[in-house]
Amino acid sequence: MKIRILASLAVCLVMVSSTAGESDATTRVKPTLVRVGRILDVKSGQYLFNQAILIEGGIVRKIGPIDTFQSGGSENPVVIDLSNATILPGLIDCHAHLLDAMDPTINGADELTLTITKFAPTKRVLLGAAMAREDLEGGFTTVRVLGHSGIDGDVSLRDAIRNGWVPGPRIVASARKITPYGGQAQVIPLQSGVAQTILDQEYLPVSNPDEGRRAVLENLLVRADLIKVVVDEWPRVLDEDTMKTIVAEAHRVGVRVAAHATSRLGIQVAIDAGVDSIEHADEATAQQFQAMRDKGIYLVPTLWPRDMLVVARSTTNPLPGTRPDPEATKDQIVAEQRAKLDLARKAGVKMAFGSDDWYAWPDKTRGQATRRLLEALQTFGMPPMEALRSATVNAAEVLNVRHLLGSLEPGKYADLIALEGDPLTSLSDLEKVRFVMKGGVVVRDDFHPSHP
Ligand SMILES: [Zn+2]
Numbered sequence: 042m043k044i045r046i047l048a049s050l051a052v053c054l055v056m057v058s059s060t061a062g063e064s065d066a067t068t069r070v071k072p073t074l075v076r077v078g079r080i081l082d083v084k085s086g087q088y089l090f091n092q093a094i095l096i097e098g099g100i101v102r103k104i105g106p107i108d109t110f111q112s113g114g115s116e117n118p119v120v121i122d123l124s125n126a127t128i129l130p131g132l133i134d135c136h137a138h139l140l141d142a143m144d145p146t147i148n149g150a151d152e153l154t155l156t157i158t159k160f161a162p163t164k165r166v167l168l169g170a171a172m173a174r175e176d177l178e179g180g181f182t183t184v185r186v187l188g189h190s191g192i193d194g195d196v197s198l199r200d201a202i203r204n205g206w207v208p209g210p211r212i213v214a215s216a217r218k219i220t221p222y223g224g225q226a227q228v229i230p231l232q233s234g235v236a237q238t239i240l241d242q243e244y245l246p247v248s249n250p251d252e253g254r255r256a257v258l259e260n261l262l263v264r265a266d267l268i269k270v271v272v273d274e275w276p277r278v279l280d281e282d283t284m285k286t287i288v289a290e291a292h293r294v295g296v297r298v299a300a301h302a303t304s305r306l307g308i309q310v311a312i313d314a315g316v317d318s319i320e321h322a323d324e325a326t327a328q329q330f331q332a333m334r335d336k337g338i339y340l341v342p343t344l345w346p347r348d349m350l351v352v353a354r355s356t357t358n359p360l361p362g363t364r365p366d367p368e369a370t371k372d373q374i375v376a377e378q379r380a381k382l383d384l385a386r387k388a389g390v391k392m393a394f395g396s397d398d399w400y401a402w403p404d405k406t407r408g409q410a411t412r413r414l415l416e417a418l419q420t421f422g423m424p425p426m427e428a429l430r431s432a433t434v435n436a437a438e439v440l441n442v443r444h445l446l447g448s449l450e451p452g453k454y455a456d457l458i459a460l461e462g463d464p465l466t467s468l469s470d471l472e473k474v475r476f477v478m479k480g481g482v483v484v485r486d487d488f489h490p491s492h493p
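The sequence shown begins at 42 in the working numbering and counts up one residue at a time.
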């Protein structure tokens, strides 16, 4: 009995820490009063002017007009003056691959094979630590890592950040992708004698419901926070029974399922299985987007602007003959992405931002590249406020942490960014992020360079 009580206590502690997860640095930090020029209320879509935020123990305790803070309250808080800046909640990326930083000039399939074979899992975690710091400094205070993490490196990185060993965003980790037989190996012509060893580093391939259930349990065993399923790697598409089993096994213990699906068949299997988010959904029909809306399934559209396709996709597109001209290919991809977004917005499906970035950009940090991918939503026709919601409140809902993150309100984590300019007019002002705070701890402060 005692063992059972201890075991259930341990489970409770793990669940609390997996959502809350604060480092010692947060609990040690002094009460802080942030004076603010204007805050974007992401729920109402309005700016609130001349505000202040009182933060204690990494949590927002009070937020409101500055003059209501002038008497009483916490004794001698540290004051941070951001009265010339625009404040937003910390940004959230729902589709990250922090443990990969591929050379965008090499064919993507070959580069992935090289990453797996040349990088020990331990080295990938250290790479992930570098990407995590860059993402955090860029304004992303929470990211959902959806695979390509070298078995369970994202779980280790999550814990290291939570323990305060390395700086980085809060991580929601999926460990290995569950995939159709062979993993996402169609574009990776692996030598059969070594293929399985390589694939095992990256995927949990399944071909029936029992294997699907087992794969979920393997990921839960390494303490993944959610399950990532690749429904289709055309022409291999997980069958409905296997998908339903995977979703049921995860949902049975309160774990969410993110599904990569690009084909109409794969998207339909994901919808029918009742996943929580569909990533990409490139060939979705209006009816499928409506079905996603009706079932409350989020779309994470992973849109890429043309100038980043130049480097990333022209060399990796595996369809020689069908799209021979790189410039025409880019035009076609941009047009397809725009049409997809239009269809999704008309259907009213809820959307969350996901970068799907896994490149080492020569001229950008990971955080800068991720921000560019968020800014690009405006160029595809999404109004700035909608894009910012997709990377804050909506993203927090996808991650099942809306009570803790996604907006600045009493009781939520003090995750915020400050920038120059007006992102409601132009999302490109996100490039002017000058200040980042996570859990009440200042990560970056270009406004006050001498700040500790
Ligand atoms: Zn991805």
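Cβ atoms here follow ideal geometry from the backbone N, Cα and C, with glycine treated the same way.
Here the structure is a predicted model, which means the values were calculated and not measured.
Spatial neighbours of residue i in its chain, beta-carbon cut-off 8 Å, leaving aside the 5 residues before and after
| i | result |
| --- | --- |
| L123 | V75, R76, V77, G78, A459, F476 and F488 |
| E281 | V310, D313 and A314 |
| P342 | H321, A322, Q378, K381, L382, A385, M392 and G395 |
| Y88 | R79, I80, L81, D82, T127 and L465 |
Residues near residue i by beta carbon distance below 7 Å, same chain, minus five either side
| i | result |
| --- | --- |
| D141 | T156, H189 and W399 |
| R485 | E178, F476 and V477 |
| A436 | I133, C135, A393, F394 and G447 |
| R102 | L95, I96 and P451 |
| E427 | none |
Within 8 Å, strictly: CB atoms of residue i and residue j
| i | j | result |
| --- | --- | --- |
| D195 | A216 | yes |
| L449 | I80 | yes |
| L340 | A322 | yes |
| E35 | L344 | Residue 35 lies beyond the stretch modelled for the chain, which goes from 42 to 493, so this question has no answer here. |
| L384 | F330 | yes |
| K473 | E461 | yes |
| I287 | A302 | no |
| K159 | V434 | no |
| T283 | N249 | yes |
| G99 | A455 | yes |
| P72 | Q92 | no |
| V296 | L261 | yes |
| G209 | A170 | yes |
| L95 | P118 | yes |
| V213 | L267 | yes |
| V482 | V70 | yes |
| L245 | I239 | no |
| I192 | Q242 | yes |
Close-in-space but distant-in-sequence residues of the same chain around residue i (CB under 6 Å, 5 per side omitted)
| i | result |
| --- | --- |
| S431 | M392, A393 and F394 |
| S355 | Residue placement at S355 is flagged as unreliable, the pLDDT there being 43, under the threshold of 50; the coordinate-derived value follows with that caveat. Closer than 6 Å at the Cβ level, and outside the excluded window around S355, lie P367. |
| S304 | D273, W275 and E324 |
| I128 | V77, I80, L457 and A459 |
| A410 | D398 and W402 |
| K269 | L187, G188, S215, K218 and A299 |
| L471 | R412, E416 and P464 |
| L279 | P221 and V272 |
| V120 | L74 |
Extent of the continuous alpha helix (DSSP H) to which residue i belongs
| i | result |
| --- | --- |
| T238 | S233 to D241 |
| K103 | Per DSSP, K103 belongs to no alpha helix (DSSP H); it is in the beta strand (DSSP E), I100 to P106. |
| A170 | P162 to E178 |
| P250 | P250 to L262 |
| K218 | Where K218 is concerned, there is no enclosing alpha helix (DSSP H), although the beta strand (DSSP E) it sits in stretches over K218 to P221. |
| M426 | P425 to S431 |
| D569 | Since the displayed the chain opens at 42 and closes at 493, residue 569 lies outside it and no answer follows. |
| K159 | G149 to K159 |
| R412 | R407 to T420 |
| F476 | That residue, F476, is in no alpha helix (DSSP H); its beta strand (DSSP E) goes V474 to K479. |
| R293 | E281 to R293 |
| K336 | A327 to K336 |
| L267 | Premise fails: L267 lies in the beta strand (DSSP E), L267 to V271, not in any alpha helix (DSSP H). |
For residue i, the first and last residue of its enclosing beta strand (DSSP E)
| i | result |
| --- | --- |
| E320 | S318 to H321 |
| L132 | L132 to A137 |
| H301 | R297 to A302 |
| A214 | R211 to A214 |
| D383 | From DSSP, D383 is part of no beta strand (DSSP E) but of the alpha helix (DSSP H) over P367 to A388. |
| I503 | Any question about residue 503 goes unanswered here, given that the chain covers just 42 to 493. |
| P33 | Nothing about residue 33 can be reported from this structure: the residues present for the chain run from 42 to 493 only. |
| T73 | T73 to D82 |
| L340 | Y339 to V341 |
| A512 | What is shown of the chain runs 42 to 493, which leaves residue 512 out entirely. |
| R443 | Taken as a continuous stretch (DSSP letters only), R443 belongs to no beta strand (DSSP E), as it is neither H nor E. |
| D463 | Here D463 belongs to no beta strand (DSSP E), and DSSP marks it neither H nor E. |
Minimum Cβ-Cβ distance from residue i to chain B less than 8 Å
| i | result |
| --- | --- |
| G408 | Of the protein chains in this structure there is only one, and it is not chain B. |
Check: residue i C-beta below 7 Å from any heavy atom of ligand 3
| i | result |
| --- | --- |
| A455 | In the structure on display, ligand 3 does not appear, and the ligands it does have are ligand 1. |
Legend entry - Within 6 Å of ligand 1: residues by beta-carbon to any heavy atom: H136, H138, L187 and D397
Inset, instruction - Report yes or no: do three or more beta-carbon pairs, one from the segment 182-194 and one from the segment 123-141, lie closer than 8 Å? - result: yes
Legend entry - contact_flag[the segment 404-420, the segment 172-181] where n(CB pairs < 8 Å) is 3 or more: Judged by pairs of C-beta atoms under 8 Å, the segment 404-420 touches the segment 172-181, as three or more such pairs exist.
Legend entry - Three CB pairs or more closer than 8 Å across the segment 251-263 and the segment 277-294: yes
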